[in-house]
Ligand SMILES: Cc1ncc(C[n+]2csc(CCOP(=O)(O)OP(=O)(O)O)c2C)c(N)n1
């Protein structure tokens, strides 16, 4: 049973959350220096959702994620350097610089993949679940999606089919309170989006999205259920987007007191306190923290000195004509 | 006359039309409080209230279908679809609804709807946020498709689009919003369906729209060094197309380069060169040259994206090849 992480599993979740945090901070700093390109969507403060939800999965399980997918990429086992190199458009990136940070995939790790068409990652996971059902595999597909994405028509269509066909999938709703700059209450008639699961014959649970153990337990239970062939489930993780929508967002529409309150409940703090309470010595945590920072720093250094790719027209997209 | 950014010119057009006609209303994602991702509707919610300037859920398919029927029943909706890449979600409403009702119902309904969106590459926004889908849109009979290149046209054409009784897709370009230009004061209307001569020339005609007008104009400047006098025609309106202006220019220069930021295969440039053959074959001294995107997704990495986009150098080379 995966329902409660062991101390070692929690330590690994904590370590991966640290990696993601340092990644986000590094990206923020490089954006200030003008060295990032295009919008970058940070997930600081939300790491528990992407990391703990994917921590319950087996290597063969599949995940789809949103434009804000860094925690899912790292959570599902991708290494730092190909992720960072991809964000900086390098040839060594996970997708050779073609995808950029919103669309990263690593098929070997089951990450297929990030999606920047809001809502599109939801039926994408449903299709993967369908293929596992058709093939009689024991795998599970998991989609992480936002409260904004939960409003799209395609979310409802996918949930209906998942419920109808008892697809082996788990819907992980990362409810961070905003769809771009528009607060959730301006987008949804109901505050708790998980009430919708009833309409699709799915169990649902609401958890504190900043508590990695809570996310792990709830998603773990739904994953086990889906793996047994009992159909899909929904976990609504309540969290908050403490940064702007993207690095190009000027902000100003989030209440400072809300940001402060959520920062006080940072998932890293919550996990750290829980690990200490579980008897993990302070020195072990400190060593792990230093190592995580060093790992990310080294990945940035390496990725930023990696070469850029060279352009060639894609013959596969254009089979009948000469290069342009 | 006032010097304005393209985005400000659009804002002025929206404000003036909303002041003049209470049936004009705006809706779209993040357009209200935030004033739109590209700040086109800045300040309008404060001025006109939350009924006439509405933040919406992420629901492109339903929003576009609602805009069609709202337009049929007394209002003049201006719907913003944040990126042209999301227009495929709205296509059913355009292809199967907006474009047919006036004809099929024998003129019983008019559909004064404006769908504003922005497209184009060059910002490192990746494969799902960089496309120009004007070819796909201009393919649909029953809707107009326009793509202004200057602040003055942006204002004058948006006002014309809002007053038009037919559905108009109004294409902006993310790299044009900050461009400044002189905009005449007052109620300027730039009729839809009329091209503009940006620069006179005698040896070759360069036909472009939207941001490609900027590149074509730079190409014309470069061609001076080659001893070539190039005429630059800004199509402004892709459908209806000002074929008269095109023929008049070719009758003068006898050579043509058509430039389009969309894909080559079945693309707008193909339509344009076929139209030129239909109407001015005898005037041509050489085949029409096309400068387009290669037929492949738009990659993220800077050198890859830059290599792919049409630019002044490519237009110049195409012009010289045609003149040989
Ligand atoms: C179909 C579509 N419409 C609009 C957008 C623009 N957009 C990108 S992210 C976003 C908000 C998504 O909100 P949510 O799903 O809650 O995810 P979050 O950003 O909060 O993580 C919007 C409107 C898009 N990418 N795709």
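Protein chains in written order, with my numbering: chain A, 461 to 784; chain B, 4 to 327. Cβ coordinates follow ideal geometry from the N, Cα and C atoms, glycine included.
In the DSSP assignment, residue 717 of chain A falls within the alpha helix (DSSP H) that extends over 716–724.
The three-state reading of DSSP puts residue 523 of chain A in strand, counting E and B together. Nearest CB-CB separation between residue 127 of chain B and chain A: below the 8 Å threshold. Here residue 5 of chain B is exposed: its Cβ has fewer than 16 other Cβ atoms, across all protein chains shown, within 10 Å.
Remark: three or more beta-carbon pairs, one from each stretch, lie closer than 8 Å, so the segment 215–225 of chain B and the segment 304–318 of chain B are flagged as touching. At least 8 Å separates the CB of residue 514 of chain A from every CB of chain B.
Around the beta carbon of residue 284 of chain B, fewer than 16 other beta carbons sit within 10 angstroms, so the residue counts as exposed. In terms of Cβ geometry, residue 262 of chain B and residue 209 of chain B form a close pair [threshold 8 Å]. Judged by DSSP secondary structure, residue 98 of chain B falls outside any alpha helix (DSSP H); it is assigned neither H nor E.
In this structure, residue 512 of chain A has its beta carbon at no less than 7 Å from each heavy atom of ligand 1. Around the beta carbon of residue 236 of chain B, a 10 Å sphere encloses 16 or more other beta carbons of the protein chains shown; the residue is thus reported as buried. The segment 119–136 of chain B and the segment 85–99 of chain B touch, with three or more beta-carbon pairs separated by less than 8 Å. Around residue 713 of chain A, the beta-carbon contacts reaching into chain B at under 7 Å are 36, 37. Separation of residue 737 of chain A and residue 730 of chain A (C-alpha to C-alpha, rounded to the nearest whole angstrom) is 11 Å. Residue pairing from DSSP places residue 602 of chain A in a beta bridge opposite A:523, A:630.
The Cβ atoms of residue 476 of chain A and residue 534 of chain A lie closer than 8 Å to each other. Taking a Cβ-Cβ cut-off of 7 Å, the neighbours of residue 311 of chain B in chain A comprise 771, given in sequence order. Neighbours of residue 641 of chain A across chain B, judged by C-beta separation under 8 Å: 33, 36, 37. Across the segment 537–568 of chain A, CB contacts with chain B closer than 7 Å involve 549, 557, 558, 559, 560, 562, 563, in sequence order along the chain.
Secondary structure of residue 477 of chain A (DSSP, three-state): helix. Listed in chain order, the beta strand (DSSP E) runs fully inside the segment 663–704 of chain A are 664–668, 693–698, counting runs of at least 3 residues. Along the segment 630–662 of chain A, going in chain order, the ones with a CB nearer than 8 Å to a CB of chain B are 639, 640, 641, 642, 646, 647, 648. With 16 or more other Cβ atoms from the protein chains shown falling within 10 Å of its own Cβ, residue 686 of chain A counts as buried. The straight-line gap separating the alpha-carbon atoms of residue 481 of chain A and residue 540 of chain A is approximately 12 Å. Nearest Cα to residue 146 of chain B within the set B:203, B:61, B:240: B:240.
Taking 8 Å as the cut-off, the Cβ atoms of residue 65 of chain B and residue 560 of chain A do not count as close.
In the three-state scheme derived from DSSP, where H, G and I count as helix and E and B as strand, residue 263 of chain B is classed as strand. When rounded, the separation of the alpha-carbon atoms in residue 14 of chain B and residue 224 of chain B is 31 Å. Each of B:271, B:186, B:20 was checked against the Cα of residue 11 of chain B, and the nearest Cα belongs to B:186. Cα atoms of residue 132 of chain B and residue 741 of chain A: separation of roughly 47 Å, rounded to the nearest angstrom.
Its chain contains 260, 292, 294 as the residues whose beta carbon lies nearer than 7 Å to that of residue 321 of chain B, once the 5 sequence neighbours on both sides are disregarded; these appear in chain order. For residue 257 of chain B, the closest Cβ of chain A is not nearer than 8 Å. Just so you know, the alpha carbons of residue 282 of chain B and residue 174 of chain B end up roughly 26 Å apart. Per DSSP, residue 21 of chain B has no beta bridge partner at all. Look at residue 176 of chain B: its C-beta is not under 8 Å from any C-beta on chain A. Listed by position along chain B, the residues whose Cβ is nearer than 7 Å to that of residue 613 of chain A are 62, 64, 65.
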